[in-house]
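Please read the structure below before turning to the comments.
In our numbering, the protein residues as written are 739 to 858.
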């Protein structure tokens, strides 16, 4: 199985596992300020259920981030940050409007130059 397919299946399985909507209309994947293209239903409500959206993060964007921090990401990590836009709370959110912003915020440039990466 290809790395990207494996990552994709993992995202989809995790999303599906907790996607039940309660009788009150709530779901674990509800949050405020969801970009329109990530909403499961087109609504003007403040809180919306978001959906996984295929990533628009390019190899060039990842390469630029690697150059900025002076490191090379493992192939698995590159696939992870470029497969889906999401709002999972246990891993850095990757919204469609700023897909690498939260990933970028994890990095300390000094530690990166010394070879330390913020993931295990």
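Quick reminder that beta carbons are idealized off the backbone N, C-alpha and C, glycines included.
Query - residue 788 - DSSP class collapsed to helix/strand/coil - result: Here DSSP, grouped into helix, strand and coil, assigns residue 788 to strand.
Query - Three CB pairs or more closer than 8 Å across the stretch 772–791 and the stretch 838–855 - result: The stretch 772–791 is not in contact with the stretch 838–855.
Report task. Give a yes or no on whether the C-beta atoms belonging to residue 769 and residue 821 are separated by under 9 Å. Result -> No; because the gap between Cβ atoms is not below 9 Å, this pair is not in contact.
Query raised in the report: In its own chain, which residues sit with a C-beta less than 7 Å from the C-beta of residue 812, not counting the 5 before and 5 after it?
Result: Once the five neighbours on either side are set aside, residue 812 has no close Cβ partner at all.
Query - Classification of residue 837 by the beta-carbon crowding that lies within 10 angstroms, buried from 16 upward - result: With 16 or more other Cβ atoms within 10 Å, it is buried.
Report task. Determine the direct distance from the alpha carbon of residue 810 to that of residue 791, and round the result to whole angstroms. Result -> The C-alpha of residue 810 is placed about 26 Å away from the C-alpha of residue 791.
Query raised in the report: Taking residue 833 as the reference, which of 815, 854, 814 and 789 has the closest Cα?
Result: It is 789 whose Cα lies nearest to the Cα of residue 833.
Requested in this report: Determine, using beta carbons only, whether residue 768 comes closer than 9 Å to chain B.
Outcome: Note that chain B does not occur in the displayed structure, where there is just one protein chain.
Report task. Buried or exposed for residue 757, please, with buried defined as at least 16 other CB atoms from any protein chain shown within 10 angstroms of its CB. Result -> Result: exposed.
Report task. Name the one or two DSSP bridge partners that residue 769 has. Result -> Beta-bridge pairing links residue 769 to 786.
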